[in-house]
Amino acid sequence: MKKRNTVLTLGILAIIFIIAAQAIILRGLWKQQNEMLTLRYRSLTQDAMNSLRGTRVSVHDTVMFLLSRYSENMVKELPLIKDEQKLSEKKQEILEYFTAVLNKEQDFTSFLSGYFGEQGFEKKFKYRIVISNLEITNTDTLVIYRNESFENRRPAGAGPGFGFSSQGDSKSSISVLRQRLFDNYYYLNFEYYIDFSDKQKLILRETAASLLISLLSILVVVTIFLITYRNLMEEKRLSNLKTDFINNMTHELKTPLATITVAGKTLEMEKISKDESKILETAKLIGKQSVHLNQLINIILEISMWERTEFQLEKKKVDIEEFMNDVVESFKTGYGNSSSLSQKYNFNGIQADIDLVYFTTMINNLLSNAVKYCDKDPLISVEGSVKDKNICINISDNGIGIAKADQRHVFDKFYRASTGNIHKYKGLGLGLYYVKKIATAHGGDVSLTSKPGKGSIFTVTIPY
Ligand code: ADP
């Protein structure tokens with residue numbers, strides 16, 4: 006128990022540890038791939054800008070023209086606005102106009118997309134322009150908009166045109182460019198972000214192999230753990246069965262032995278030795294208990310023999326109806342109460358090939374269980390029929406029935422339903438194991454339907 010719990014705890018801890026370790030490693034890898042992707046596209050953008058410079062083509066011609074004309078008007082308009090509220094509304098309008106022009110009129114996006122494509126990289130992306138500083142300038146400078154991060158890294162002034170630096174960061178999208186545009190009337194800094202709709206997919210593709218290996222290693226560890234734990238449980242179950250069997254066997258053997266001992270002592274008594282009928286009665290009791298003891302020892306020996314050598318059937322052709330009648334009748338005689346055992350056969354005079362000794366014991370086991378596992382007057386019925394080249398024998402009772410969970414185990418060696426070592430009903434857990442073994446040895450099988458509290462039906466099917 007202690008060993009099992011330790012293995013369980015250690016196993017679970019190991020699995021948690023491995024999953025956590027893999028998660029940390031994968032997270033690091035994901036971050037690294039993300040950064041690499043950002044770096045790759047930043048450096049590509051840098052290359053694109055360099056090649057753009059070489060061609061002396063400006064992708065911002067239209068933008069600069071529009072902004073310059075607009076700013077020239079603003080230089081005139083702005084000093085006329087005295088009202089604070091109106092001024093701030095105007096500033097907002099200017100910012101919106103600049104952003105709209107930048108987003109619509111620049112040719113940088115198509116140039117960059119073409120460049121990425123040429124280099125064999127993903128060329129489909131979304132872009133976004135974020136203005137970080139905007140000033141309308143003439144003799145005076147009027148700040149229209151300035152964000153905090155720009156305050157901290159304000160670039161040194163330069164002549165008209167546009168400049169760039171490829172820094173900046175953003176979590177969801179990649180900031181590939183920081184640019185500056187200006188002329189006599191305005192001064193503008195903005196950032197250019199690109200956003201791959203399938204950025205996650207790109208990273209996933211890069212990390213797929215590592216992800217797969219991680220998942221496989223977790224799967225292997227979990228499988229090994231489950232197999233080990235199952236083996237441990239099975240070992241425990243078998244050891245419990247063995248202990249139960251030894252306890253049951255001791256109990257089973259002790260009862261007839263005790264009866265015989267008491268009967269022997271009774272015979273020694275002077276009063277009894279003179280009474281012939283009493284002597285006969287005691288001798289019968291000793292005889293009955295000895296037969297029972299012998300049967301018990303035989304079944305144990307026989308089953309232990311099966312472990313070592315495959316048992317051989319000595320089959321004989323018999324009229325199955327006649328045979329069943331004989332077996333049930335002699336069981337009735339031994340059992341004493343004939344009214345509770347009924348028989349009904351539809352074998353149509355079929356001859357079946359069976360081992361008479363084993364088959365008799367098999368039917369007797371089922372009949373004695375039907376009597377034994379009953380808490381009221383037993384009502385047992387034995388029915389026989391023929392179906393698809395098989396003979397079917399049903400033995401049904403009105404006994405205590407078998408719980409669903411026990412049903413698939415009752416044919417296992419040593420298995421006894423209910424808890425505890427020795428329960429109300431005596432037995433070794435070998436009877437149904439024997440039945441199954443004999444039925445399968447005849448090329449057939451045995452099945453069970455049962456309802457706790459209502460009774461059970463055992464069906465033996467044997468080909469003929
Ligand atoms: P044993 O009777 O020696 O315990 P068996 O192999 O004959 O062993 O039966 C296995 C278990 O199946 C029994 O312990 C009992 O719980 C259950 N069982 C067998 N036959 C019946 C029956 N007719 N009705 C109810 N329970 C049964």
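Add 5 to the 1-based position in the sequence shown for this note's numbering, that's all there is to it.
Glycine included, C-beta positions come from ideal geometry on N, C-alpha and C.
Can you tell me whether Ile-359 is buried or exposed? The criterion is at least 16 other CB atoms within 10 Å of its CB, across all chains shown. buried
Taking the alpha carbon of Glu-326 as the reference point, which residue from Leu-346, Ile-308, Phe-352, Phe-336 has its own alpha carbon closest? Phe-352
In the DSSP assignment, find the beta strand (DSSP E) that holds Phe-195 and state where it starts and stops. 191-200
Ile-545 in three-state terms, based on DSSP: The chain is shown only over 6 to 469; residue 545 falls outside these bounds and no answer can be derived.
Distance check for Leu-237 and Asn-10, CA to CA, integer angstroms please. 10 Å
Measure the C-alpha to C-alpha separation of Ile-396 and Ile-443 and round it to an integer number of angstroms. 15 Å
At the level of alpha carbons, what is the spacing between Thr-264 and Phe-416? 31 Å
Measuring only the C-alpha atoms, how far is Tyr-197 from Met-79? 25 Å
To which residues of the same chain is Lys-321 closer than 8 Å at the C-beta, ignoring the five residues directly before and after it? Asp-358, Ile-359, Asp-360, Leu-361
Which residues mark the beginning and the end of the alpha helix (DSSP H) in which Thr-445 is found? 436-446
Apart from the five residues just before and just after Asn-450, which ones in its own chain have a Cβ nearer than 7 Å to its Cβ? The amino acid at residue 450 is misidentified as Asn; the sequence shows Asp. Same-chain partners within the cutoff: Ala-444, Thr-466.
Could you tell me if the beta carbon of Lys-377 falls within a distance shorter than 7 Å of some heavy atom in ligand 1? yes
Whole angstroms are fine: how far does the CA of Ser-137 sit from the CA of Ala-213? 38 Å
Taking a contact to mean a Cβ-Cβ separation below 8 Å, would you say Gly-434 touches Phe-250 in this structure? yes
Alpha carbon to alpha carbon, how far is Ser-215 from Trp-35? 10 Å
Using the Cβ count rule (16 or more neighbours within 10 Å means buried), how would you classify Ser-347? exposed
Excluding the 5 residues preceding and the 5 following Phe-116 in the sequence, name in chain order all residues of the same chain whose CB lies nearer than 6 Å to its CB. Val-64
Tell me the DSSP secondary structure of Gly-389 in three-state form. strand
Quick check on DSSP: helix, strand or coil for Gly-168? Caution is warranted here: a pLDDT of 36 is assigned to Gly-168, below 50, making its placement in the model unreliable, and no coordinate value can be reported.
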